[in-house]
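Scroll down for the structure; my scribbles are underneath it.
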Amino acid sequence: MNTPNDATSEVQRVFTTKEQTRKFYNKISRYYDMLAEASEHPMRERGLQVLAVQPGEKVLEVGYGTGGCLVELARAVGPAGKVFGIDLSEGMRQVAEEKLRAAAVAERVELVCGDALHLPYAEGSLDAVFMSFTLELFDTPEIPRVLAECKRVLRSGGRLGVVAVSKEGGEGVVLHLYEWSHEHFPNLVDCRPIFVQRSMEEAGWRIASAERKMMWVPVEIVVGIKA
Ligand SMILES: C[S@@+](CC[C@H](N)C(=O)[O-])C[C@H]1O[C@@H](n2cnc3c(N)ncnc32)[C@H](O)[C@@H]1O
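Using my numbering, the final residue of the sequence shown is 217, and nothing's skipped along the way.
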């Protein structure tokens, strides 16, 4: 049960099924960059910067979308490292693979299609996990489960970097309009603001850095460490 001030008490539920989500992202995979790149790019860049992936590391991106961050992660880990990615949508996988080939880093990256609630990676096998604009797509009771899966696959001391639309301190009209749109047009506005840092703290992450930035809605950029 939610206590009045826990990270899930005021967060809207998500009722779209995984199949609906998969079809939605398949449909928009070729247009996603056009729709979102301008606003989301600086947030993702900051997320990658604070996660500070190093040469030789093994890194997973959850919900890689069109693959822009996969390219940057592949460059950061270098030839001695490895990047893994999981995403529900085959359409996104195709677009991401094209981007990786064009950047000549495809051999460092292994992509799968699947639900991040069940990560197909061994316990303690990764150094870092990155997730941008994806955690807020999971239904409220699923958020601690995804965070637990990320923790399971990380080694001790491994880092999780999350960039997500935030409800923290958010009383603005735009945020309310966003939540209203999510409630009334859930197939179009599939995500909603969440409490990122608080969710991670409640899931047992030690917070290494946390910042809030303004897109057209607030965004939290948080790095947690697996103790
Ligand atoms: C809003 S997009 C963000 C993509 C990318 N991270 C970015 O910042 O551009 C969310 C992505 O998460 C994927 N996704 C949604 N639910 C998922 C799930 N349960 N497991 C894995 N991927 C999921 C979608 O297919 C989509 O590619």
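We put the beta carbon where it would ideally sit given N, CA and C, even for glycine.
Per DSSP, the continuous alpha helix (DSSP H) segment holding residue 8 begins and ends at 8 to 18.
For residue 1 and residue 53, the gap between their C-alpha atoms comes out near 21 Å.
A residue is called buried once 16 or more other Cβ atoms fall within 10 Å of its Cβ, and residue 21, having fewer, is exposed. DSSP places residue 38 inside the alpha helix (DSSP H), whose first and last residues are 22 to 41. DSSP, read as helix, strand or coil, puts residue 59 in helix. In this model, residue 197 and residue 215 are separated by some 6 Å (Cα to Cα). One alpha carbon belongs to residue 61, the other to residue 28, and they sit about 18 Å apart.
Taken through DSSP and simplified to helix, strand or coil, residue 131 comes out as helix. Boundaries of the alpha helix (DSSP H) around residue 83: 80 to 92. Around the beta carbon of residue 82, 16 or more other beta carbons sit within 10 angstroms, so the residue counts as buried. Shortest gap from the CB of residue 8 to any heavy atom of ligand 1: under 8 Å.
Annotation for residue 53 indicates a beta carbon within 8 Å of some heavy atom of ligand 1. For residue 76, the shortest C-beta to heavy atom distance toward ligand 1 is below 8 Å.
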